[in-house]
Every structure is written in C-alpha cells, then in structure tokens.
Amino acid sequence: MKPKAKMESLPKWLESTLYPTKPLPPGSRTKQMKVLALGLSRSGTDSLRNALQILDYNHVYHGFDVPTSDDPAVSRAWTELGRKKFDRRDGIRKEDLDVLLGDCEAVTDQPCACFAEELLTAYPNAKVILNYRDVDSWYTSIENTFGKYMSTWEFRYLSYFETSLYWLRQVFMMYEKGYYQGSILGNGRRVHEEHYARLRELLEEEHREFLEWRVQDGWDVPDEEFPNGNTPSQSAERGARVRKAATARAYRNLTAFALCIGAFVVGGSALLLRDHLAAAKGGSF
61 MKPKAKMESL
71 PKWLESTLYP
81 TKPLPPGSRT
91 KQMKVLALGL
101 SRSGTDSLRN
111 ALQILDYNHV
121 YHGFDVPTSD
131 DPAVSRAWTE
141 LGRKKFDRRD
151 GIRKEDLDVL
161 LGDCEAVTDQ
171 PCACFAEELL
181 TAYPNAKVIL
191 NYRDVDSWYT
201 SIENTFGKYM
211 STWEFRYLSY
221 FETSLYWLRQ
231 VFMMYEKGYY
241 QGSILGNGRR
251 VHEEHYARLR
261 ELLEEEHREF
271 LEWRVQDGWD
281 VPDEEFPNGN
291 TPSQSAERGA
301 RVRKAATARA
311 YRNLTAFALC
321 IGAFVVGGSA
331 LLLRDHLAAA
341 KGGSF
C-alpha cells in the first residue's frame, strides 16, 4: 500500500527542536496478547473494547488511548511506526509494537488496525476478530468524525502551537497520508474494501481462525446487553474533552507568539520611522 505523499510535515530536526518528547522505555511484554480486533475505526471498535473488558481482558488498547495519554511520546511513537512502515518501508518488529502495547491483552481500533499484518506476525497465538461495517454507513461515520475533526482550526493550525496536539496531528496524518494513501475521504471506500479483503486472504492462507463480527451480532454470553457507544457526536465531545487542556495551552502559546510578532512589527516600524524622520530632517538643511 503506497502513500501518495510523505507523512513528515516538518524536517526531523525542526520537529525535535519545537516538539521535544522523552523516549518511551524499551518494549517488553508483561502480559500475553490474547485478542487482535483488526477492523477499522468506526466499525464498533469502542463497543468491542467495552465488551472485551467485561469479559476480563486486561487493558484493551483503543484509539482513544492515544489522546488520553499524558505523554505526547505515545503519539510520537505511533507516528514513527507509521513513518517506518509507509515512508521508509522498514520492517516493524515485535519489540517496536511492545513499546506501545506491552501491557495489553487485546487491541482494537486505529492506529492498531493500520499495522494489522505486523500484529498478526508479532502475536501468532492471539485470537483474531475482523469487526466490520457496511462500507456506506462506515464512510458516513468517518465523514462525521475524522472528516470533521481534520477540517477544524485546531487540527489545521492550532496543533502547531502545542507539543501533544502536534504529535496527535501526525498520528492523523499517518492515517491520511499513509494508510489511506493521501485522503481518508477520497480513498476511504476503496481502502476499506482492500483492508478486509487483504486480511481475509492472509488469514485463510495461514489457516488461522478468525471471527467476522458486526455490532449487530452482539454476543451469546454473558447474559447481559451488549455494550454500545461512541456515536459520532459522542466521539467529537469525547475528543474535545480529552484535548481541552492541550488546546488551552496552544491558545496561550499562539497568543504569546502573536504578541511577540506584534512587538517585533511595532518595534521595527518605530525604528524605520525614526530613521525616515532623521533622514528627512537631515535633508532639510
């Protein structure tokens, strides 16, 4: 799957200077990986995460684990994995994944779904779920979540004024430019079909059992209603809530930047005016 554009939006040295993070500890696995739910975002991933937790799977990794982390190094690590896969075409090792997933017994949602093949190789004994959704309803949901967020002022401009927002933006750019080959909305339907077709073929070739599942399928046990949640409006509210502090910091940084630019412009203008008046005065004699 070849992206149409490089993921990096700034030179690496400038990223490290403006948006520094501390490296995450080396990867080590503290728990066995038991379940890989490899469906794309907006395919019942949050409901499935809740269901797996009810079934006592400990730490089910979900896309919201990225923005809710207190450490922007998490977003940066996912970004670097994406650049390694989509830009440099380097192999991704189990140790690379364990840096982020070492304490998880199950995964669902993106960014994990972007590394489905690598996860299957890294954790050959894990059970596999292909959670899916009709492509048209999936696309509508993507438009109302990813599409709306990626067109916001916060995503397009404000993210450059705060470290955690910047690296979160790069994770979304990994989806856009990497997995969706340049455009989530432009290529979404095709990539959706390719994602599931490719994984079905791979799993069947490896004679690896997997469960194809939709939210509507629910479950037989336990004897309680299957959990649901994370509608497009809930997703937007939840995202805004977890980014609230970072957004406030970004606005403060933007204000400080604007004041510095304003002071520079005013100071420069005053100097130019002084020189102009001095020259005019000197020319009058």
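Take the sequence shown: its letters are residues 61 to 345, numbered as in the working numbering.
Even glycine gets a Cβ: it sits at the ideal position worked out from N, Cα and C.
Checklist entry - Any heavy atom of the ligand FMN closer than 7 Å to the CB of F232? => result Looking at this structure, you won't find the ligand FMN or any other ligand, since it has none at all.
Next on the checklist: Measuring only the C-alpha atoms, how far is T223 from P282?
Outcome noted: For T223 and P282, the distance between alpha carbons rounds to 43 Å.
Checklist entry - Quick one: what's got a C-beta closer than 8 Å to P86's C-beta in the same chain, skipping five residues either side? => result E155, V159.
Checklist entry - Between which two residues does the beta strand (DSSP E) containing L271 stretch? => result It spans 271–273 - the beta strand (DSSP E) in which L271 sits, taken as one unbroken run.
Checklist entry - Helix, strand or coil: which one does DSSP assign to P71? => result Three-state DSSP puts P71 in coil, outside helix and strand.
Checklist entry - CA-CA distance, Q230 and P132? => result In this model, Q230 and P132 are separated by some 11 Å (Cα to Cα).
Checklist entry - For the segment 206–220 against the segment 138–152, are there 3 or more C-beta pairs whose distance is under 8 Å? => result Because the criterion of three Cβ pairs below 8 Å is not met, the segment 206–220 and the segment 138–152 do not touch.
Next on the checklist: Taking 8 Å as the limit between beta carbons, can you name the residues of its chain near V126, skipping five residues before and five after?
Outcome noted: Correct list, in chain order: V134, S135, W138, P171, L228, V231.
Checklist entry - So, is E75 buried or exposed, given that buried needs 16 or more other C-beta atoms within 10 angstroms? => result Flag for E75 reads buried.
Item to check | Candidates L141, R309, L70, of which the one nearest F221 by Cα | outcome: F221 has its Cα closest to that of R309, out of L141, R309, L70.
Next on the checklist: Measuring alpha carbon to alpha carbon, tell me which residue in V188, G242, G248, Y79 is nearest Y199.
Outcome noted: Measuring from the Cα of Y199, the nearest candidate turns out to be G248.
Checklist entry - Do D163 and H122 come within 8 Å of each other at the CB atom, strictly closer than that value? => result No, the pair does not count as a contact, with Cβ atoms beyond the cut-off.
Checklist entry - Does DSSP put P63 in a helix, in a strand, or in coil? => result Reliability of the predicted coordinates at P63 is poor, the pLDDT of 45 falling under 50, and the value obtained from them is presented with this limitation in mind. P63 carries a coil assignment under DSSP once its states are collapsed to helix, strand and coil.
Item to check | Per-residue burial, K72 [other beta carbons within 10 Å of its own, 16 or more giving buried] | outcome: Label assigned to K72: exposed.
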